[in-house]
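**Q**
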Amino acid sequence: MQIKQYIAKDIQEALSRVKEEMGPEAIILSTKKIKKGFPERGIYSTPMVEVMAAIDRPIQPAGGPFGTEPKGAWGRTDSPGVEEESEEERFLRKILSAGFFPEFVRELAEEIRGVRKESRSKNLMEVYRSLLSWRLMESVEVSDLSLQGPRIWSFIGPTGIGKTTTMVKLAAHFRLRVTERVTLITTDTYRIGAVEQLRQYAQILRLPLEIAYHPSELKQIIEKNRRQDLLLIDTAGRSPHLIQPIKELKDFITVDPRIENHLLLSATTKDTDLEWIVDRFRLIPISSYIFTKIDETTHYVPMFNQILRYKRPLSYLTKGQSVPDDVEPATKPKVANMVLSTIPWS
Ligand SMILES: Nc1nc2c(ncn2[C@@H]2O[C@H](COP(=O)(O)OP(=O)(O)OP(=O)(O)O)[C@@H](O)[C@H]2O)c(=O)[nH]1
Ligand SMILES: [Mg+2]
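With the numbering used here, the residue at position 66 of the sequence shown is 524, and numbering never jumps.
1. Taking C-alpha atoms, which residue in GLY481, GLY572, LEU590 lies nearest to VAL759?
2. Going along the chain, which unbroken runs of the alpha helix (DSSP H) with 4 or more residues stay wholly within the segment 544 to 588?
3. Looking at ligand 1, does it come within less than 8 Å of ARG639, judged from the CB to the closest heavy atom?
4. Between ILE614 and THR693, is the Cβ-Cβ spacing less than 9 Å?
5. Using only the heavy atoms of ligand 1, determine whether one of them is closer than 8 Å to the beta carbon of ILE662.
6. Between which residues of its own chain and LEU775 is the CB-CB distance below 6 Å, once the five residues before and five after are set aside?
7. Taking GLN460 as the reference, which of SER474, GLU479, GLN470, THR637 has the closest Cα?
8. So is the beta-carbon of LEU667 under 8 Å away from any non-hydrogen atom of ligand 1?
9. Using 8 Å as the cut-off, classify the Cβ of LEU722 as near or not near the heavy atoms of ligand 4, replying yes or no.
10. On a CA-only basis, which of ASP731, SER780, PRO782, GLU754 is nearest GLN764? Give me that one, please.
11. For chain D, is any of its Cβ atoms less than 9 Å away from the one on PHE613?
12. Give me the Cα-Cα distance between GLU681 and ILE669, rounded to the nearest whole angstrom.
13. Tell me where the alpha helix (DSSP H) around GLU706 begins and ends.
14. For ligand 2, is there any heavy atom lying closer than 8 Å to the beta carbon of LYS708?
15. With a threshold of 16 other CB atoms inside 10 Å of the CB of TYR464, please say whether the residue is buried or exposed.
16. Using a threshold of 8 Å, is the CB atom of ASP646 nearer than that to any non-hydrogen atom of ligand 2?
17. Using 8 Å for Cβ pairs, my map puts ILE691 next to THR645. What's the rounded Cβ distance?
18. In whole angstroms, give me the CA-to-CA distance for SER574 and VAL598.
19. So, helix, strand or coil for GLN470, using DSSP?
20. If we call anything under 9 Å between Cβ atoms a contact, is SER601 one with SER746?
21. Can ARG649 and ILE704 be called in contact, C-beta distance under 9 Å?
22. Using only the alpha-carbon positions, how far apart do THR641 and PRO616 sit?
23. Only counting runs of 3 or more residues, tell me where the beta strand (DSSP E) segments fall wholly within the segment 620 to 676, in order along the chain.
24. With respect to 8 Å, is the separation between the Cβ of ALA694 and the closest non-hydrogen atom of ligand 2 below this value?
25. Is GLN606 helix, strand or coil by DSSP?
26. Measure the C-alpha to C-alpha separation of MET506 and GLU483 and round it to an integer number of angstroms.
27. Roughly how many angstroms lie between the CA atoms of ASP714 and PRO673, to the nearest whole one?
28. Distance check for VAL585 and ILE643, CA to CA, integer angstroms please.
29. Return the residue from the list VAL636, GLU706, GLN655 that minimises the CA-CA distance to GLN686.
30. Are ARG821 and PRO560 touching if we call contact CB-CB under 9 Å?
31. Pick out whichever of ILE486, ARG639, TRP611, GLU543 has its Cα sitting closest to the Cα of VAL563.
32. Just checking ARG649 against ligand 2 - is the residue's beta carbon closer than 8 Å to any of the ligand's heavy atoms?
33. On the DSSP bridge assignment, give the partners of GLU478 in chain order.
34. Do GLU754 and THR726 have their CB atoms nearer than 9 Å?
35. Between the alpha carbons of GLN655 and TYR768, how many angstroms are there, rounded?
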């Protein structure tokens with residue numbers, strides 16, 4: 459991956475140079491207005507445009523009309539042929555090819571430039587990795603999961619994502635370790651066998667199960683259970699293709715403003731699909747994300763991108779089918795380490 463800075467009079471000229479040198483498959487990382495001086499020519503503070511572009515193969519050097527490409531981190535044009543990649547370029551190439559948001563990479567690249575100037579460390583790659591880890595932790599918010607005051611949590615999301623299983627895992631955790639005052643509620647009277655599945659879990663855990671067929675019933679159930687510490691509401695899976703069922707779901711879970719909606723997403727879902735799913739489910743107020751099936755992938759950048767794209771705290775991560783073990787609260791270091799493990803460093 460080659461990243462290069464183009465400085466030109468205007469955006470059209472910058473983009474045509476990107477196209478000329480890198481071809482149509484170039485990725486534009488950022489564009490911004492800058493002021494650039496040429497003291498040797500007696501020109502100071504000329505308004506210019508800077509475009510950062512990247513491509514997944516070596517760039518053929520070409521002299522632009524301004525000849526302004528800097529030497530060093532962002533691509534070199536001073537000598538022809540294949541050039542040795544700097545630590546900085548190697549690092550940025552790795553994180554770009556891992557699929558991070560270009561905007562995140564651009565901000566990181568700016569910080570790295572500052573670090574490179576100041577750091578006396580011989581192992582710059584290690585320094586850059588620490589910086590990335592720091593930025594990852596900073597970017598992720600995690601939910602407060604304490605049971606101070608009654609909490610009402612709903613589990614919403616696409617079909618088969620793990621809503622019921624996650625709810626039961628959490629019910630078991632809280633029932634066994636925190637409080638007996640937990641009530642299970644289901645609004646999933648849509649899928650055959652869904653209520654029966656939950657009834658069996660409720661019996662095993664010795665917890666009450668309530669069934670709400672209509673939003674008004676859900677309201678009454680919440681009122682009836684107001685002395686409980688935790689109410690957990692299972693919902694029917696909804697396809698992001700269909701808006702009407704998502705609206706019906708909204709009718710249920712907006713009956714009480716205290717309901718906190720956990721949107722469940724699978725860690726195995728493609729980046730663009732995550733964006734689309736969240737876009738659909740945003741019709742409902744989302745309190746937090748739960749990422750399920752983290753055991754079924756080793757690539758966590760899409761999950762991180764989604765947390766950046768539509769910022770919501772992360773509450774839990776689920777990592778298998780086993781009830782109650784395979785669920786854990788999300789923490790900043792855990793998420794940062796998962797994302798870092800995605801990148802092939804060597
Ligand atoms: N590998 C893995 N499987 C999981 C995880 N969570 C749930 N599953 C499995 O995913 C399947 C679907 O889980 P459910 O809990 O029924 O999913 P759901 O979202 O309630 O499904 P619907 O109610 O039909 O929309 C089951 O086979 C679960 O055992 C997980 O973290 N990892
Ligand atoms: Mg279910």
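Note that the Cβ used here is the ideal one computed from N, Cα and C, for glycine as well.
From a predicted model like this one, the values you see are computed outputs, not experimental measurements.
**A** The short version:
1. The count along the sequence shown starts at 1 and reaches residue 759 at position 301. Comparing Cα positions, the closest option is LEU590.
2. Scanning the segment 544 to 588 for uninterrupted alpha helix (DSSP H) segments of 4 residues or longer gives 545 to 555, 560 to 576, listed from N- to C-terminal end.
3. Start at 1 with the first residue of the sequence shown, and residue 639 comes out as number 181. For ligand 1, not one heavy atom lies less than 8 Å from the Cβ of ARG639.
4. Here residue 614 is taken as the residue at index 156 of the sequence shown, counted from 1. Here residue 693 is taken as the residue at index 235 of the sequence shown, counted from 1. Contact flag set, yes.
5. Within the sequence shown, the letter at position 204 stands for residue 662. No, the beta carbon of ILE662 sits no closer than 8 Å to any heavy atom of ligand 1.
6. Taking the sequence shown and counting its residues from 1, the one referred to as residue 775 is at position 317. Counting only Cβ-Cβ distances below 6 Å, and skipping sequence neighbours, we find PHE749, ILE752, GLU786, ALA788.
7. Numbered from its first residue, the sequence shown carries residue 460 at position 2. Out of SER474, GLU479, GLN470, THR637, GLU479 has the C-alpha closest to the C-alpha of GLN460.
8. Sequence index remark: in the sequence shown, residue 667 carries index 209 (1-based). No.
9. In the structure shown, ligand 4 is absent; the only ligands present are ligand 1 and ligand 2.
10. As a first step, residue 764 is located in the sequence shown; it is residue number 306 there, counting from the start. The closest CA to that of GLN764, considering only ASP731, SER780, PRO782, GLU754, is found on ASP731.
11. Protein chain content of the structure displayed is limited to a single chain, and chain D is not contained in it.
12. The sequence position of residue 681 within the sequence shown is 223, counting from 1. The sequence position of residue 669 within the sequence shown is 211, counting from 1. Taking the straight line joining both Cα atoms gives about 14 Å.
13. Here residue 706 is taken as the residue at index 248 of the sequence shown, counted from 1. 701 to 711 is the extent of the alpha helix (DSSP H) around GLU706.
14. Locating residue 708 in the sequence shown gives position 250, counting from the first residue. Not one heavy atom of ligand 2 lies closer than 8 Å to the C-beta of LYS708.
15. By 1-based counting over the sequence shown, the position of residue 464 is 6. With 16 or more other Cβ atoms within 10 Å, it is buried.
16. Here the question's residue 646 lines up with position 188 in the sequence shown. Within the chosen limit of 8 Å, ligand 2 reaches the beta carbon of ASP646 through at least one heavy atom.
17. Counting from one through the sequence shown, the residue named residue 691 turns up at place 233. Counting from one through the sequence shown, the residue named residue 645 turns up at place 187. Between THR645 and ILE691 the Cβ distance is about 6 Å, and since that is below 8 Å, they are a contact.
18. In the sequence shown, residue 574 corresponds to position 116, counting from 1. In the sequence shown, residue 598 corresponds to position 140, counting from 1. Residue identity check: residue 574 is Arg in the sequence provided, not Ser. ARG574 and VAL598: Cα-Cα distance of roughly 25 Å.
19. For this step, residue 470 is matched to residue 12 along the sequence shown. In the three-state reduction of the DSSP assignment, GLN470 falls in the helix class.
20. In the sequence shown, counting from the first residue as 1, residue 601 sits at position 143. In the sequence shown, counting from the first residue as 1, residue 746 sits at position 288. Result yes, Cβ atoms of SER601 and SER746 sit closer than 9 Å.
21. Mapped onto the sequence shown, residue 649 falls at position 191. Mapped onto the sequence shown, residue 704 falls at position 246. Contact annotation: ARG649 and ILE704 have beta-carbon atoms that are not nearer than 9 Å.
22. As a position in the sequence shown, residue 641 is number 183, starting the count at 1. As a position in the sequence shown, residue 616 is number 158, starting the count at 1. In a straight line, the C-alpha of THR641 is about 23 Å away from that of PRO616.
23. Listed in chain order, the complete beta strand (DSSP E) runs (minimum 3 residues) inside the segment 620 to 676 are 640 to 644, 667 to 669.
24. Mapped onto the sequence shown, residue 694 falls at position 236. Result yes, Cβ under 8 Å from ligand 2.
25. Taking the sequence shown and counting its residues from 1, one reaches residue 606 at position 148. DSSP places GLN606 in coil when its eight states are reduced to three.
26. Against the sequence shown, residue 506 aligns to sequence position 48. Against the sequence shown, residue 483 aligns to sequence position 25. MET506 and GLU483: Cα-Cα distance of roughly 24 Å.
27. One-based indexing of the sequence shown puts residue 714 at position 256. One-based indexing of the sequence shown puts residue 673 at position 215. The straight-line gap from Cα to Cα measures roughly 10 Å.
28. For the purposes of this step, residue 643 is taken as residue 185 along the sequence shown, with counting starting at 1. For the purposes of this step, residue 585 is taken as residue 127 along the sequence shown, with counting starting at 1. C-alpha separation (whole angstroms): 49 Å.
29. Position 228 of the sequence shown, counted from the first residue, corresponds to residue 686. Looking at the Cα atoms, VAL636 is the closest of the given residues.
30. Outside the modelled stretch of the chain, which goes from 459 to 804, sits residue 821, for which no answer is possible.
31. By 1-based counting over the sequence shown, the position of residue 563 is 105. Of the residues ILE486, ARG639, TRP611, GLU543, the one whose Cα lies closest to the Cα of VAL563 is ILE486.
32. Indexing the sequence shown from 1 puts residue 649 at position 191. True, at least one ligand heavy atom lies under 8 Å from that Cβ.
33. Within the sequence shown, residue 478 is the residue found at index 20, counting from 1. GLU478 is not bridged to any residue.
34. The sequence position of residue 754 within the sequence shown is 296, counting from 1. The sequence position of residue 726 within the sequence shown is 268, counting from 1. Closer than 9 Å, so yes.
35. Against the sequence shown, residue 655 aligns to sequence position 197. Against the sequence shown, residue 768 aligns to sequence position 310. For GLN655 and TYR768, the gap between their C-alpha atoms comes out near 33 Å.
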